[in-house]
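Every position in the sequence shown, counted from 1, becomes a number in the numbering used here once 82 is added. Positions of the beta carbon are idealized from the N, C-alpha and C atoms, including for glycine. All of these numbers come straight from a predicted model, not from anything done at the bench.
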Amino acid sequence: MAHEKLPSIIVFDVNETLLDITTLEPLFVRIFGDRRILREWFAQLILYSQTMTLSGIYSPFGELGVGALRMIANIHQIDVGNADTPAQNIHEGGYCAQ
Numbered sequence: 083m084a085h086e087k088l089p090s091i092i093v094f095d096v097n098e099t100l101l102d103i104t105t106l107e108p109l110f111v112r113i114f115g116d117r118r119i120l121r122e123w124f125a126q127l128i129l130y131s132q133t134m135t136l137s138g139i140y141s142p143f144g145e146l147g148v149g150a151l152r153m154i155a156n157i158h159q160i161d162v163g164n165a166d167t168p169a170q171n172i173h174e175g176g177y178c179a180q
C-alpha cells in the first residue's frame, strides 16, 4: 500500500482562547440590559465569519462584528448607534481585550 502524503496544515482555534470577549460585557449590558446577549452575538459572528471564509469572500472580523451586533439589535428591537459598536468603543479606549 502506497503511503499517502498528508497535507502539512496546522489549525488553531483561538476564539475565546486568546480572545477574551467578556471584556465586552459592559457594552452589552448597557445596550441590551443583558450580558447574555454577548454570547448570542458572538455565536452569530462566528457563524458569519465561517460562512464568509467558506464562500471565499473576505471581510474584516471587526466589520463582521459590527454587522452581527446591528443584526442582533434589530432582532431584539434595539436601536444601536455608531457610538455603541464594539469597534468604535475599542478605538476610543472604552473596552479592550486584556
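Rank the options by C-alpha distance to the C-alpha of residue i and give the top, closest one.
i: THR133; options: ASN156, ALA150, ARG121; result: ALA150
i: ARG118; options: THR105, TYR130, LEU129; result: THR105
i: ASP102; options: PHE124, VAL111, GLY163, PHE114; result: PHE124
i: VAL162; options: LEU88, ARG112, LEU136; result: ARG112
Using three-state DSSP, classify residue i as helix, strand or coil.
i: ARG118; result: coil
i: ILE128; result: helix
i: GLY163; result: coil
i: PRO108; result: helix
i: LEU101; result: coil
i: LEU88; result: coil
i: VAL148; result: helix
i: ASN171; result: Low local confidence applies: a pLDDT of 49 at ASN171 is under 50, so the model's placement there is unreliable, with the coordinate-based value given in what follows. Helix, per DSSP.
If we call anything under 9 Å between Cβ atoms a contact, is residue i one with residue j?
i: ILE91; j: GLU122; result: no
i: LEU120; j: GLY147; result: no
i: SER131; j: PHE114; result: no
For chain C, check one thing: does any of its Cβ atoms lie closer than 9 Å to the Cβ of residue i?
i: MET153; result: Among the chains in the structure shown there is no chain C, since it carries only a single protein chain.
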